[in-house]
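As structure tokens, the structure follows; a few thoughts come after it.
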Amino acid sequence: MGSVGAKEVPVLLTADQRRIDGRRLDELRPLKITAGALKQADGSAFVEWGLNKVMAAVYGPREVHPRHLQVNDKAIVQCRYNMAAFSVDERKRPGLDRRSQEISKVIAEAFESVIFAEEYPRTSIDVYIEVLQANAGTRCAGVVAASVALADAGIPMVDLLPSVAVGKIDGHIALDLKKEEDNFGEADLPMALVPQSGRLVLLQMEGHMTRDELSQALDLGVSGCRQIYTVMKSALRERYDAGGVARTEVAA
Numbered sequence: 001m002g003s004v005g006a007k008e009v010p011v012l013l014t015a016d017q018r019r020i021d022g023r024r025l026d027e028l029r030p031l032k033i034t035a036g037a038l039k040q041a042d043g044s045a046f047v048e049w050g051l052n053k054v055m056a057a058v059y060g061p062r063e064v065h066p067r068h069l070q071v072n073d074k075a076i077v078q079c080r081y082n083m084a085a086f087s088v089d090e091r092k093r094p095g096l097d098r099r100s101q102e103i104s105k106v107i108a109e110a111f112e113s114v115i116f117a118e119e120y121p122r123t124s125i126d127v128y129i130e131v132l133q134a135n136a137g138t139r140c141a142g143v144v145a146a147s148v149a150l151a152d153a154g155i156p157m158v159d160l161l162p163s164v165a166v167g168k169i170d171g172h173i174a175l176d177l178k179k180e181e182d183n184f185g186e187a188d189l190p191m192a193l194v195p196q197s198g199r200l201v202l203l204q205m206e207g208h209m210t211r212d213e214l215s216q217a218l219d220l221g222v223s224g225c226r227q228i229y230t231v232m233k234s235a236l237r238e239r240y241d242a243g244g245v246a247r248t249e250v251a252a
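In this text, residue positions in the sequence shown follow this note's numbering: the first is 1, and each later residue adds one.
Below you can see the structure in the form of structure tokens.
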């Protein structure tokens, strides 16, 4: 191990380019999706992704609250992303902090671009995302859960929205960072896209990448999103084939 200041930096890649959990650079963590996990929501999904556990619930279309937000020719999409106080090892104050508010806004804007909101004028489609256990990539897990929940609620969309983060660790581009890689890596690039067209609807970056590294990261992220998209579709297909809750998973 090396050290930076008082922090010990773990070895993130072995000599044969295996990561600390044994994955290759282009491998996802284990992913399990449960569609229709909550009976009282209009649509819901539970995502277990690595050590992340994220629940999403959708309500609507329904009356807008507060009323002044109502739009005459389309529905509005409201999102509340929250990390439970017990979801992380560090002390976290309950409730929405600035980061949660920013992520809520980004996710709402991503779904506004794919939902056929004009079919439900003067209403609200409310998306609640609760992170119960966090281990990096929670906003991507939240987008995946919310997308499946919206489809479960019967909200018409252009397509599902798979999402994944790509990062840079020890100078190498890696798919789906876990906590240590996110904390000690050089860059993090969460993204979400419309699979059929490849249109990016969410793209953020923290850290630094060269132009070539960014191009490589985007290609790897698109590949990862397509793998996740398959799992999302399977979860919904099984949900309605079985007429109840469906669980679909992929092993790393």
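By construction, the Cβ of each residue, glycine as well, lies at the ideal position given by its N, Cα and C atoms. Quick caveat, the model's predicted, so the values are computed rather than measured.
Helix, strand or coil for Ile155, going by three-state DSSP, please let me know.
-> coil
Outcome for Leu160 when other beta-carbon atoms lying within 10 angstroms are tallied against a minimum of 16 = buried
Rounded separation between Gly198 and Ser87 - CA only | 32 Å
Span of the beta strand (DSSP E) around Asn183 | Unbroken run through Asn183 is the alpha helix (DSSP H), 179 to 184; no beta strand (DSSP E).
Got a sec? Which residues, its chain only, sit under 6 Å from Ala6 by beta carbon, not counting five neighbours each side?
-> Confidence in Ala6 is poor, its pLDDT being 49 and thus under 50, which makes the residue's placement unreliable; the coordinate value appears in the next sentence. Contacts found: none.
Of the listed residues Glu112, Glu119, Leu25, nearest to Gln216 (C-alpha basis) | Leu25
If we count the other Cβ atoms within 10 Å of its Cβ and call it buried at 16 or more, is Asn72 buried or exposed?
-> exposed
In terms of alpha-carbon separation, which member of Glu180, Pro195, Ile173 lies closest to Leu189?
-> Ile173
Within the same chain, show all residues whose beta-carbon is closer than 7 Å to that of Asp176, passing over the 5 residues directly before and after it, in chain order.
-> Leu28, Arg29, Gly137, Val164, Ala165, Gly224
Cβ shell of Ala108 (< 8 Å), same chain only, five flanking positions each side left out = Val77, Gln78, Cys79, Val127
Out of curiosity, what's the CA-to-CA distance linking Ala153 and Asp170?
-> 42 Å
Could you tell me if Pro61 is buried or exposed, where buried requires 16 or more neighbouring beta carbons within 10 angstroms of its beta carbon?
-> It counts as buried.
Determine the burial state of Pro121: buried for a count of at least 16 other Cβ atoms within 10 Å of its Cβ, exposed for fewer.
-> That one is exposed.
Span of the alpha helix (DSSP H), counted from its first residue to its last, around Lys39 | Per DSSP, Lys39 belongs to no alpha helix (DSSP H) and is neither H nor E.
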